[in-house]
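So the sequences go chain by chain: V and X. First residue of the first sequence? That's 154 in this note's numbering, and the numbers climb one at a time after it. First residue of the second sequence? That's 154 in this note's numbering, and the numbers climb one at a time after it. Note that CB positions come from ideal geometry on N, CA and C, so glycine has one too. Bear in mind the structure is a predicted one, so any value in this text is a computation, not a measurement. Notes follow the structure.
Protein chains: 2
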Amino acid sequence: MTTSPGDASSGLAPGASAGRSRRATILDVAAAAGVSRQTVTRAMNAMPGIRPDTRERVQETARQLGYTPSRFAKGLVQGARTSVGLAIPDLTNPYYPAFASSVVELATQRGWHVVMDDYGHGGATGVESVQHLAPQVDAVIGYLGGAADEAQAILGRRPLVVLDQPAGPASGGISFDYDHAAQTALRHLQAKGCRQLAYIDRAPAGADQRAPGPVRANRPTPGTDTAQSVPTVRGQAFVRSAAAFDMAMTVAVSPESAASARQVTRRLLEEHPGTDGIVVFNDLMAAGALKALADSGRAVPADCAVIGMDGIPLGQLLTPELTTLALDLREVGRAAVELLDGLLSGSLEAGGPGTDLLLRHHLVLRQSA
Amino acid sequence: MTTSPGDASSGLAPGASAGRSRRATILDVAAAAGVSRQTVTRAMNAMPGIRPDTRERVQETARQLGYTPSRFAKGLVQGARTSVGLAIPDLTNPYYPAFASSVVELATQRGWHVVMDDYGHGGATGVESVQHLAPQVDAVIGYLGGAADEAQAILGRRPLVVLDQPAGPASGGISFDYDHAAQTALRHLQAKGCRQLAYIDRAPAGADQRAPGPVRANRPTPGTDTAQSVPTVRGQAFVRSAAAFDMAMTVAVSPESAASARQVTRRLLEEHPGTDGIVVFNDLMAAGALKALADSGRAVPADCAVIGMDGIPLGQLLTPELTTLALDLREVGRAAVELLDGLLSGSLEAGGPGTDLLLRHHLVLRQSA
DNA sequence: GACACGTTCGTGAACGTTCACGTCAAGCAT
DNA sequence: ATGCTTGACGTGAACGTTCACGAACGTGTC
């Protein structure tokens, strides 16, 4: 004990500036300020029924003790402030932050907190993300990539809004009308005179990331099941549409990155030099495809048109500027939050009407097609 | 009431599937399963000392009642799982998600939760963001844009790590060596033969977003105070360096978006047609500058070189690919999390040595300069 | 048959805060 | 003096969970 009795600047209770001991509680503050718990509460929460000088004295004491009210004790007695989990596969893909930004904004407006998880770093799955989020949140919004049933099981009665898939066993779902998107894109390409199409799909999560997928010519013949070589529902919609439009379409598969898409597109162009129209899984990969076309000396859209998918701002910065099947991402975020809001407030019933939305892309014409 | 007495699949206590009443507590489960609180705890948390069949019966009961343990009660008795707030000005700028992604990854590895706030939507400030986060978190990491003192005051003893500014009154700070960055860039441009430089700075937050800032020729003459027309420390470093290298440099100011930067650059090029080297506040705005140069029919880098700042992946997708003063964003995130980790564990003392880091950009040479 | 022992389960206490009261004194009218 | 109001402050109870015990019940051992 080196504390001398005449110590200046600390006429407080013992242990006032104590180092690494225990967190200060409301009782410590009350004792140090010579008042009761309730008065401390009144001082800290700007409640009436306390004399201004008392309030200030208590606040000063709290400051000196480094007192911070326990959010757990507060939450326990007051009933939860709602906090929602946001499960995102990859913040590095500009699509997701654009969506997340909207969710965070609208959630904040409602006084919610957003606990974010960017899973997929260590190769985690959406379900693992929900598992990590679950103990901390009252609801989850997320791109889970399937497995909504397991996620809902983990959450119990707490609402779950899944994106890019129908609700299924989840509380709510927002999915996208890929058939409509595909038809819109192919109609446009057909009108432009494109005849030899290609679609670059995203490789499934489990696929080997090192070896870009095979380039397969899938001349769509009715009755042929192409599901195996076309990993995503998005891709399958394009295959269906190509058949309906009677257009030839090659499908290539690439991991979800611009660099991989560039490489895959290069191979595609070598094996199918006559390709005059390419649709790509998303805008990020489309950027890679544009690079590959430039590498091969082709002019876009004169030699080959390109259509991306997402509508992220990135597209406007590319050269040529990217024509894309755009989603209004702020709108998607708004839909998700409003759906969740309805679920939480009880004005919407899980699995009931209005919990399974279908959103449409619209074609934004820029230079590349 | 349409519930018939012979209803199957629900032999539980009354109110089992009750609609919107009260949240089920551990006591409800205990009563319904015919056991005690503690046994329910043991069943839910996979603790030993419970018979497998009991465990399963309890779990099933909990599932049916939709029981979810209160995170508040749990936290109160167990001591907090740490959750950190992440205050970000704008998730729409690709710089921030790249950083956030790294923070979320490393925080998750440590078992922390990340509460994200994307302030700046409604024109909120960093301090307001901290205010919103404070009741929910044990620490904050953030790009606050100054005002670290107020933020720290709100947080009390809880650690605060600020980015892009020295720690000051905050617990820890990570800042960037802009003088070094500026010297690196200008040295390169000088070697390339550039003689008429321009720097495009970001307009301060309070500035009118509609009217892009003035284009001012700041031929650096020693003794002239240019601080007023150069809003950021980043910009001031470039002005200083230009003076040191004895290079002419015009400073223009633009709101932080590619579209605005494009517009400002266009005006800059009209007023200063001889410009042969441009450095831009960040990569996003540099993308706009590249567009403006293309608009004016100039070749990059032949007619005019461009150097961005940040090192976000976007730069590689542009045409021409963007030379940039890159920050290793995963490294920045790692530094922030490790700093916070030290602060939280007590191995680092707030304001002590090692809490104020200075990171350096390195020049990534691509096509644009 | 007494004892020790392991397994399974239940009970008091505690976590830190707020809510709903209760108390006490001062001021004022009757 | 009495009663009533008002302002400032204190006290019991409750929120829902886990921790540290203790009780009850077999099961084996000597």
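Given residue i, which residues of its chain have a CB within under 8 angstroms of its CB, disregarding the five upstream and five downstream residues?
i, result
"residue 300 of chain X", "278, 279 and 280"
"residue 260 of chain V", "237, 266, 267 and 490"
"residue 426 of chain V", "none"
"residue 487 of chain V", "255 and 259"
"residue 512 of chain V", "327, 328, 329, 330, 480, 484, 485 and 488"
"residue 216 of chain X", "none"
"residue 293 of chain X", "237, 238, 239, 240, 283, 286, 287, 304, 308, 311, 312, 313 and 314"
Confirm, please, whether the CB-CB distance from residue j to residue i is below 8 angstroms.
i, j, result
"residue 319 of chain X", "residue 509 of chain X", "yes"
"residue 296 of chain V", "residue 316 of chain V", "yes"
"residue 270 of chain X", "residue 240 of chain X", "yes"
"residue 482 of chain X", "residue 235 of chain X", "no"
"residue 256 of chain X", "residue 267 of chain X", "yes"
"residue 185 of chain X", "residue 219 of chain X", "no"
"residue 414 of chain X", "residue 460 of chain X", "no"
"residue 428 of chain V", "residue 336 of chain V", "no"
"residue 409 of chain X", "residue 451 of chain X", "no"
"residue 471 of chain X", "residue 522 of chain X", "no"
"residue 211 of chain V", "residue 230 of chain V", "no"
"residue 433 of chain V", "residue 252 of chain V", "no"
"residue 455 of chain X", "residue 347 of chain X", "no"
"residue 478 of chain X", "residue 516 of chain X", "yes"
"residue 342 of chain X", "residue 430 of chain X", "yes"
"residue 339 of chain X", "residue 394 of chain X", "yes"
"residue 119 of chain V", "residue 207 of chain V", "Shown here, chain V extends from 154 to 522; a query on residue 119 of chain V therefore has no answer."
Output needed for residue i: all residues of its chain with C-beta closer than 6 angstroms, excluding positions within five of it in sequence on either side, in chain order.
i, result
"residue 323 of chain V", "301, 305, 313 and 315"
"residue 437 of chain X", "246 and 411"
"residue 418 of chain V", "442 and 445"
"residue 264 of chain V", "none"
"residue 364 of chain V", "With a pLDDT of 48 at residue 364 of chain V, under the threshold of 50, the predicted position of this residue should be treated as unreliable, though the coordinate-derived value follows. Excluding residues within five positions, none has a Cβ falling inside 6 angstroms."
"residue 480 of chain X", "464 and 514"
"residue 520 of chain V", "473 and 474"
"residue 282 of chain V", "240, 270 and 272"
"residue 334 of chain V", "478 and 514"
"residue 518 of chain X", "476"
"residue 248 of chain V", "463 and 465"
So who's on the other strand from residue i, going by DSSP bridges?
i, result
"residue 463 of chain X", "X:479"
"residue 256 of chain V", "Residue 256 of chain V pairs with nothing; no bridge assigned."
"residue 271 of chain V", "V:241"
"residue 328 of chain X", "X:511"
"residue 517 of chain V", "V:477"
"residue 353 of chain V", "V:405 and V:433"
"residue 458 of chain V", "V:430"
Go through its chain and collect everything with a Cβ distance to residue i's Cβ below 7 angstroms, but skip five positions before and after it.
i, result
"residue 374 of chain V", "Low confidence applies here, because residue 374 of chain V scores a pLDDT of 39, under 50, leaving its location unreliable and the question unanswered by this model."
"residue 287 of chain X", "307 and 308"
"residue 505 of chain V", "none"
"residue 195 of chain V", "202 and 203"
"residue 290 of chain V", "236, 237, 238 and 268"
"residue 250 of chain X", "244"
"residue 361 of chain X", "Only weak support exists for where residue 361 of chain X lies, its pLDDT of 49 falling under 50; the value from the coordinates is given anyway. So the list is empty, once near-sequence residues are dropped."
ask   = Name the residues in the stretch 218–230 of chain V whose C-beta lies less than 8 angstroms from a C-beta of chain X; which are they?
value = For the stretch 218–230 of chain V, the set of residues with a beta-carbon nearer than 8 angstroms to any beta-carbon of chain X comprises 219, 220, 221, 222, 223, 224, 225, 226, 227, 228 and 229, in chain order.
ask   = Residue ranges of each alpha helix (DSSP H) run of no fewer than 4 residues wholly in the stretch 192–240 of chain X, ordered along the chain?
value = 205–218 and 224–231
query = Can you list, in chain order, the residues of the stretch 303–320 of chain X whose Cβ is nearer than 9 angstroms to any Cβ on chain V?
reply = 306, 308, 309, 310 and 311
key: Residues, ordered as in the chain, of the stretch 236–261 of chain V that lie near chain X by beta-carbon distance below 8 angstroms   = Within the stretch 236–261 of chain V, the qualifying residues are 236, 239, 243, 244, 245, 247, 249, 250, 251, 253, 254, 257, 258 and 261.
query = Where in the stretch 380–452 of chain V do unbroken runs of the alpha helix (DSSP H), each at least 4 residues long, occur, reported from the N-terminal end onward?
reply = 386–398, 411–424 and 436–448
query = According to a CB-to-CB cut-off of less than 7 angstroms, which residues of the stretch 468–490 of chain V neighbour chain X?
reply = 470, 471 and 472
task = Residues of the stretch 269–282 of chain X with a CB closer than 7 angstroms to any CB of chain V: list them in chain order, please.
result = 269, 270, 271 and 274
Short-range partners of chain X found in the stretch 436–451 of chain V, where Cβ spacing is below 9 angstroms = 437, 440, 441, 443, 444 and 447
task = Tell me the start and end of each unbroken beta strand (DSSP E) in the stretch 273–340 of chain X that is at least 3 residues and wholly inside, in chain order.
result = 292–295, 313–316 and 325–329
inquiry  = Under 7 angstroms, CB to CB, which of the residues in the stretch 405–426 of chain V have a partner in chain X?
reply    = 411
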